[in-house]
Amino acid sequence: MPRKKLSALAASFQGRWRITEMDLCDAEALDLVEPAFLVINGAEGEMGFIAVQAWLDIRYDASASGPIAEFSWEGVDEGDQCSGRGRVAMGAAGRLVGHLYFHMGDDSAFVCEPG
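Basically the working numbering = 1-based index in the sequence shown + 40.
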């Protein structure tokens, strides 16, 4: 089924973001394999942090505090299949603030900066 056109809500989220903070781990662990990142490209995306590499299916919506991007994700963590869901919203100073959930596992708040 073809994807719907992206709304204006999606525009501010697009691009490559650097995950700079995550409650789940310290900065050294966050960048264990490569610098932690989140890429948002329309209705799809990708993220990597610690030893997790994942692909996202993204939907956009409006909330009382502004636009929000909600996503489901699946990927691998040290070779093991993993999946979950998450969300991001625009925060202060052009940063993204979000929360990530592993299916039947951990969850963590995180912060991204452009780049």
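Glycine is no exception: its CB is placed at the ideal position from the N, C-alpha and C atoms. Only a predicted model underlies this, so the values are computations on that prediction, with no experimental measurement involved.
Cβ pair residue i, residue j closer than 8 Å
{"i": "residue 109", "j": "residue 128", "result": "yes"}
{"i": "residue 80", "j": "residue 59", "result": "no"}
{"i": "residue 148", "j": "residue 66", "result": "no"}
{"i": "residue 72", "j": "residue 86", "result": "no"}
{"i": "residue 154", "j": "residue 134", "result": "yes"}
{"i": "residue 49", "j": "residue 132", "result": "no"}
Integer-rounded CB distance, given that residue j should sit under 8 Å from residue i
{"i": "residue 151", "j": "residue 68", "result": "Contact doesn't hold; Cβ gap of about 16 Å is too wide."}
{"i": "residue 89", "j": "residue 70", "result": "6 Å"}
Where residue i sits in the DSSP three-state scheme
{"i": "residue 68", "result": "helix"}
{"i": "residue 106", "result": "strand"}
{"i": "residue 112", "result": "strand"}
{"i": "residue 126", "result": "strand"}
{"i": "residue 94", "result": "strand"}
{"i": "residue 89", "result": "strand"}
{"i": "residue 51", "result": "helix"}
{"i": "residue 41", "result": "Because the pLDDT of residue 41 is 47, which lies under 50, any placement of that residue in the model is unreliable, and the number read from its coordinates should be weighed accordingly. Three-state DSSP puts residue 41 in coil, outside helix and strand."}
Selected residue, minimal CA-CA separation from residue i, among the options
{"i": "residue 123", "options": "77, 93, 53, 54", "result": "93"}
{"i": "residue 119", "options": "100, 91, 130", "result": "91"}
{"i": "residue 57", "options": "77, 47, 51", "result": "77"}
{"i": "residue 111", "options": "117, 121, 105, 100", "result": "100"}
Extent of the continuous beta strand (DSSP E) to which residue i belongs
{"i": "residue 139", "result": "136 to 142"}
{"i": "residue 154", "result": "147 to 154"}
{"i": "residue 73", "result": "Residue 73 -> no beta strand (DSSP E), and no H or E assigned at all."}
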